[in-house]
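Take a look at the structure set out below.
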Amino acid sequence: MLAFIIRRLAQSVVVMLFVALIAFIVFRYVGDPIASMVGVDTRLEDQEIMRERLGLNDSVFVQFFRFIGNAAQGEFGISYRLQQPVTELILSRLPATIELAVVSATIALVFGVIFGVYTALRPKAWSSAGIMALSLVGVSLPTFLIGIGLIYIFAVELGWLPSFGRGEVVDLGWWRTGFLTESGLKSLILPAITLSLFQLTLIMRLVRAEMLEVLRTEYIRFAKARGLTQRAINFGHALKNTMVPVITITGLQLGSVIAFAIVTETVFQWPGVGSLFIVSVQVVDVPVMAAYLMFIALVFVLINLVVDILYYVVDPRLRVDGGAGK
Amino acid sequence: MTRKILGLSAMLLSSTLIVSQASAETIRWARASDALTLDPHSQNQGVTHNFAHHVYETLMDRDVEGTLTPRLATAWAIKDGAPDTWVFTLREGVTFHDGAAFTAEDVVFSLDRARSDKSNMRQLHVDVAEVTAVDDYTVEVRMTAPSPLYPNNLTNTFIMDKDWSEANNVVEVQDYAAGEDNFAVRNTNGTGPYILQSREVDVRSVLTVNENHWAETPPEVTEIIYLPISDAATRVAALLSGEVDIVQDVPVQDIERLSATDGIKIETGPENRVIYFGYKFGDEPLASSNITDSNPFNNPLVREAMELAVDRDAIQAVVMRGQSIPTGIPNPPFVDGWTEELNTYPAVDLERAQALLAEAGYPDGFSVTLDTPNNRYVNDEAISQAVVGMLGRIGINVTLASRPVAQHSPLVTSNETDFYLLGWGVPTFDSAYVFNDLVHTKEGSYGAYNGGLYSNPDLDVMIQSLGTETDLEARAATVAEIWDVVKADRVLLPIHNQVLAYAMNDRITLPVHPENQPLMTGVTFAD
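As they're listed, the protein sequences go chains A and B.
1 is the number of the first residue of the first sequence in my numbering; add one for each residue after it.
1001 is the number of the first residue of the second sequence in my numbering; add one for each residue after it.
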């Protein structure tokens, strides 16, 4: 197990180096950072001095290795846009994104499983058909439309919830949380729902399909024949056996929720890393973009690792095959 | 209905409170982006300056009409017998937020800092030779040559406290290549009407009124909460739901709807910025054209034909929904040298345009690529799309290439575009600023944004003479002469001057500022 984890971590370093290299090649085509750093009337020779000072005239590979060298020492440089250290910027924005991601992943998982089981157990009920139809909306409507729609209904028309921002936050020293104030919790509702909707419908449809599959199998019928209660069969046997794909998807989706909260964060002006990234792309803030991409790569690598470990826990068969050997 | 009545009575109640207390008014001010830094000399960018104007102050300022007004300097004049030296008389009795007195040494320090190597303000002060303090309240600025319009360059150069800067090691401006940020990026000590209480980048900043400010009448707004909201729809929603009081960057398509909404009003006014198209000049064929033996744009007849084909009034009515001022010269009305006559533009005449194209040797038109930014000016991409259609009517087949400004502007500065849209603001309110960068041949510090490489040696001589001409009447005559040539030669194809719109709670009034830098001290409340 330990050897497995160490090997996966070693692989992740390679993955991240590769991500950084691709990122640096792509940065060439996002635009000129100098153009957004200077005023329109900055003389071209001053721009050239600045470009030289930042090392932007060096080749992609020189810039890449310089970045890796600094990154290895935990040094990600200074944001071109805000002139503040990048590591600090990202860390200060991280709590907002993680709180949003965790809440929306929880909503997606809880309601996804409940609705999935419900529609699988009553495939012909009107209520199931209704839930399935609504879920199509969740899958097909773009996030920003859902977000704007919710803002207009709940913030502008009804005036119940705030339309933007994170409300009051409490600073715990190393973490700024919105969980401890009323306005913080209120602010969380709309973005969390917006962000969770897609995952929720995905999980729900997955659970439903898997449940329908499992309910048809032999051992469920035997369980029925043995006279087990409906409850024990549905939740103890059927649901448990649908969980492996659900865990995989939820795990990977948690990564995407963190990485792709960009749209939701922009619509709700949620001060997380996603909105930091999108603004940085607009002004070609290379240090922030590079550090952010590295961070997201790290998140995906770690989540995959956790998912792999969870497999061991949930499915004993994997433990026998892969545990000690590989 | 009940809610409305409640809201109305709440408003009445709060207005009675104003009458009785006449203080403690908070303004929640939303715009699309945050100030980039608090270091006043590090960025020459409108949003950053706008924020800084509340905390720091400049020697002189511009009011909403665009005229220079005294601020930290009470008077300025050219020194007797020394035409290359400006003398500034400073305001007495001004203190910085930390209590230190404002004196001439702070001005000398700040001007030197603003023209230092790493400062982004230095292009405005390149002609300065030396800054000296004569006494505590008099400063002399000696220029390398007579510079009659230098005070125009001072409206965004903020004054810092010398001792504070030395104590906090911020004598130098932030270096991007350094590993750490400078103290001044996050901390302030100005003389301005507001004191920074807290700032969370991209989230919110809180400013409270400076009780010790020198102004005779204190501002009605005692607290400012500054809220950057990047998404336009969210910004408007926040105003509609009453979570903000002023939205500075209002999308054009929302103006009509907002002004029809109860409790919200729109203030509009012209911005000091012109939107125009630029051509590639020279004999070399265009890289993006099907004409491979000549450059159609180099032919004055073609440029005339294009001007006749572009319907500025239609762009104003349809694309801009009335929110623009069509123009015949690339020079906003605020700028010295603008005249009604220059501003006229010809009516659309497609037959004549086609005849001109045929006469020029392109009876079947030609093809060309138009480069446009899509996130810089109001409806920039839509303007370009409209022009593509208009030129299509006379057989000029335009392909549109649309990019974010970070990718668009290098095309112009490195002369890689055949036909492009650009906007030009004139912070000095003087025509020379337009000529230096857009009209003068691209060489040395001139013609930085002359991406089409227009070159007219006669004009170059006249443009250079503007820099040192001290006889203002002779100078105005030269400016007029240059404009006549620029207009007759159709160096650029101007479309319109941008109009700004601020949306606000109808309890308050904030007039539009031509440089889009409104001061919250100018906010008034309706009783």
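Ideal placement from N, C-alpha and C gives every residue a C-beta, glycine not left out.
Exercise. Please say whether B/D1161 and B/M1143 have beta carbons closer to each other than 9 Å?
Key: Along the second sequence, read from residue 1 onward, the residue named residue 1143 of chain B stands at position 143. Along the second sequence, read from residue 1 onward, the residue named residue 1161 of chain B stands at position 161. Taking 9 Å as the Cβ cut-off, B/M1143 and B/D1161 do not qualify as a contacting pair.
Quiz item: Contact between the stretch 1419-1431 of chain B and the stretch 1357-1376 of chain B: three or more CB pairs below 8 Å?
Solution: At 8 Å Cβ cutoff, the stretches touch.
Quiz item: Which residues, in order along the stretch 1211-1231 of chain B, keep a beta-carbon less than 9 Å from a beta-carbon of chain A?
Solution: Sequence-ordered contacts of the stretch 1211-1231 of chain B with chain A read L1227, P1228, I1229, S1230 and D1231 [C-beta pairs closer than 9 Å].
Quiz item: For chain A, is any of its Cβ atoms less than 9 Å away from the one on B/Q1517?
Solution: The sequence position of residue 1517 of chain B within the second sequence is 517, counting from 1. With 9 Å as the cut-off, B/Q1517 does not count as an interface residue toward chain A.
Quiz item: Between A/A10 and the rest of its own chain, which residues show a CB-CB distance below 7 Å, the 5 nearest in sequence each way excluded?
Solution: Working through the first sequence from its first residue, we reach residue 10 of chain A at position 10. Closer than 7 Å at Cβ, skipping near neighbours: no residue.
Quiz prompt | Per DSSP, cross-strand counterpart(s) of B/I1482 | solution = Along the second sequence, one-based indexing puts residue 1482 of chain B at 482. Beta-bridge partners assigned by DSSP to B/I1482: none are found.
Quiz prompt | Proximal residues of chain A, C-beta to C-beta of B/P1040 below 9 Å | solution = Numbered from its first residue, the second sequence carries residue 1040 of chain B at position 40. Here the premise fails: no neighbours, minimum Cβ distance about 13 Å.
Quiz prompt | Between the CA atoms of B/L1472 and A/Q282 - distance to the nearest angstrom | solution = Locating residue 282 of chain A in the first sequence gives position 282, counting from the first residue. Locating residue 1472 of chain B in the second sequence gives position 472, counting from the first residue. Spanning the two alpha carbons is a distance of roughly 43 Å.
Self-check item: A/S79 (DSSP reduced to helix, strand or coil)
Solution: Counted from its first residue, the first sequence places residue 79 of chain A at position 79. Correct three-state label for A/S79: coil.
Practice problem: Label B/Q1021 either buried or exposed according to how many other C-beta atoms from any shown protein chain fall within 10 Å of its C-beta, with 16 as the threshold for buried. | Solution: Against the second sequence, residue 1021 of chain B aligns to sequence position 21. Because B/Q1021 sits at a pLDDT of 41, beneath the cut-off of 50, its placement in the model cannot be relied upon, and the point is left open.
Quiz item: Which whole-angstrom value is the C-beta distance of B/T1058 and B/T1157, which I expect to be below 8 Å?
Solution: Taking the first residue of the second sequence as 1, we reach residue 1058 of chain B at position 58. Taking the first residue of the second sequence as 1, we reach residue 1157 of chain B at position 157. With a Cβ gap of about 6 Å, B/T1058 and B/T1157 count as contacting.
Quiz prompt | Outcome for B/L1038 when other beta-carbon atoms lying within 10 angstroms are tallied against a minimum of 16 | solution = The residue labelled residue 1038 of chain B in the question sits at position 38 within the second sequence. By the neighbour-count rule (16 or more Cβ atoms within 10 Å), B/L1038 is buried.
Quiz item: Since B/S1060 is in the beta strand (DSSP E), which residue starts that stretch and which ends it?
Solution: The count along the second sequence starts at 1 and reaches residue 1060 of chain B at position 60. The question names Ser, yet the displayed sequence has Met at residue 1060 of chain B. It spans M1060 to R1062 - the beta strand (DSSP E) in which B/M1060 sits, taken as one unbroken run.
Quiz item: Where does B/H1440 fall in DSSP's three states?
Solution: Numbered from its first residue, the second sequence carries residue 1440 of chain B at position 440. Note: B/H1440 maps to coil in three-state DSSP.
Quiz item: When you compare each of B/G1242, B/V1318, B/E1307 and B/A1501 to B/E1515 by their alpha carbons, which one comes out closest?
Solution: As a working mapping, residue 1515 of chain B is identified with position 515 in the second sequence. Comparing Cα positions, the closest option is B/A1501.
Quiz item: Quick one: is A/V14 near chain B, going by C-beta distance under 9 Å?
Solution: For the purposes of this step, residue 14 of chain A is taken as the residue at position 14 of the first sequence. The Cβ of A/V14 sits no closer than 9 Å to any Cβ of chain B.
Exercise. Identify, in the order they occur along the chain, each residue of the same chain with its Cβ nearer than 8 Å to the Cβ of B/D1098, setting aside the five sequence neighbours on each side.
Key: Taking the second sequence and counting its residues from 1, the one referred to as residue 1098 of chain B is at position 98. Excluding residues within five positions, the ones whose Cβ falls inside 8 Å are D1161, W1164 and N1189.
Quiz item: According to DSSP, is B/L1090 helix, strand or coil?
Solution: Your numbering for residue 1090 of chain B matches position 90 in the second sequence. B/L1090 falls in the strand class under three-state DSSP.
Self-check item: Limits of the unbroken alpha helix (DSSP H) element including B/H1408
Solution: What you label residue 1408 of chain B is simply residue 408 of the second sequence in a count that begins at 1. V1405 to T1413 is the extent of the alpha helix (DSSP H) around B/H1408.
Practice problem: Enumerate in chain order the residues of its own chain whose CB-to-CB distance from B/V1247 is below 6 Å, with the five nearest sequence positions on each side excluded. | Solution: Along the second sequence, one-based indexing puts residue 1247 of chain B at 247. Only A1030, R1235, L1239 and A1503 meet the Cβ criterion.
Quiz item: With which residues is B/F1158 paired in a DSSP beta bridge?
Solution: Counted from its first residue, the second sequence places residue 1158 of chain B at position 158. For B/F1158, which the question treats as bridged, DSSP gives the partners B/T1058.
Exercise. Give me whichever residues DSSP pairs with B/K1265 in a beta bridge.
Key: By 1-based counting over the second sequence, the position of residue 1265 of chain B is 265. In the DSSP assignment, B/K1265 is bridged to B/M1504.
Self-check item: Integer Cβ distance of B/A1309 from B/R1393, believed to fall under 8 Å
Solution: As a working mapping, residue 1309 of chain B is identified with position 309 in the second sequence. As a working mapping, residue 1393 of chain B is identified with position 393 in the second sequence. Going by Cβ atoms, the distance from B/A1309 to B/R1393 rounds to 6 Å, so yes, they are a contact pair.
Practice problem: Put B/L1519 into one of helix, strand or coil per three-state DSSP. | Solution: Along the second sequence, one-based indexing puts residue 1519 of chain B at 519. Coil, per DSSP.
Practice problem: Ignore the nearest five residues each way along the sequence and tell me which others in B/H1195's own chain have a CB closer than 6 Å to its CB. | Solution: Position 195 of the second sequence, counted from the start, is the residue given in the question as residue 1195 of chain B. In the sequence on display, residue 1195 of chain B carries Ile and not His. Residues H1097, T1208 and N1210 of the same chain have their beta carbon placed closer than 6 Å to that of B/I1195, with the five preceding and five following residues left out of the count.
Self-check item: B/G1423, enclosing beta strand (DSSP E) - first and last residue
Solution: The residue you call residue 1423 of chain B lines up with position 423 of the second sequence. Taken as a continuous stretch (DSSP letters only), the beta strand (DSSP E) holding B/G1423 covers F1419 to G1425.
Quiz item: If you measure from the beta carbon of A/I90 to each beta carbon in chain B, is any gap under 9 Å?
Solution: Position 90 of the first sequence holds residue 90 of chain A. Not an interface residue.
Quiz item: Are any of the Cβ atoms in chain A nearer than 9 Å to that of B/T1058?
Solution: Against the second sequence, residue 1058 of chain B aligns to sequence position 58. No, its Cβ sits nowhere closer than 9 Å to a Cβ of chain A.
Practice problem: May I ask you to report which of helix, strand or coil DSSP gives B/M1306? | Solution: Counting from one through the second sequence, the residue named residue 1306 of chain B turns up at place 306. Here B/M1306 sits in helix by DSSP.
Quiz prompt | Contacts that A/Q73 makes with chain B (C-beta to C-beta distance below 9 Å) | solution = For the purposes of this step, residue 73 of chain A is taken as residue 73 along the first sequence, with counting starting at 1. Using a Cβ-Cβ cut-off of 9 Å, A/Q73 is close to nothing in chain B; its nearest Cβ partner there is about 10 Å away.
Exercise. Select from the stretch 149-165 of chain A all residues with a C-beta closer than 8 Å to any C-beta belonging to chain B, and list them in chain order.
Key: Close to chain B, meaning a Cβ-Cβ distance shorter than 8 Å, are the following residues of the stretch 149-165 of chain A: I151, Y152, A155, V156, G159, P162, S163, F164 and G165.
Practice problem: Spell out the partners DSSP gives B/M1143 in its beta bridges. | Solution: Taking the second sequence and counting its residues from 1, one reaches residue 1143 of chain B at position 143. Note: B/M1143 is bridge-paired with B/V1128 in the DSSP secondary-structure output.
Quiz item: From B/S1294 to B/E1359, what distance separates their C-alpha atoms?
Solution: In the second sequence, residue 1294 of chain B corresponds to position 294, counting from 1. In the second sequence, residue 1359 of chain B corresponds to position 359, counting from 1. Annotation: B/S1294 to B/E1359 spans about 15 Å, alpha carbon to alpha carbon.
Quiz item: Which value, in whole angstroms, describes the spacing of the CA atoms of A/F4 and A/L56?
Solution: Here residue 4 of chain A is taken as the residue at index 4 of the first sequence, counted from 1. Here residue 56 of chain A is taken as the residue at index 56 of the first sequence, counted from 1. A direct Cα-to-Cα measurement between A/F4 and A/L56 gives close to 40 Å.
Exercise. Would you please state the rounded distance, in angstroms, between the beta carbons of B/V1206 and A/Q84? I believe it to be under 8 Å.
Key: Translated into positions along the second sequence, residue 1206 of chain B becomes position 206. Translated into positions along the first sequence, residue 84 of chain A becomes position 84. About 19 Å separates the beta carbons of B/V1206 and A/Q84, which is beyond the 8 Å limit, so they are not a contact pair.
Quiz item: Grouping DSSP H, G and I as helix and E and B as strand, with all else coil, what is A/N241?
Solution: In the first sequence, residue 241 of chain A corresponds to position 241, counting from 1. Secondary structure of A/N241 (DSSP, three-state): helix.
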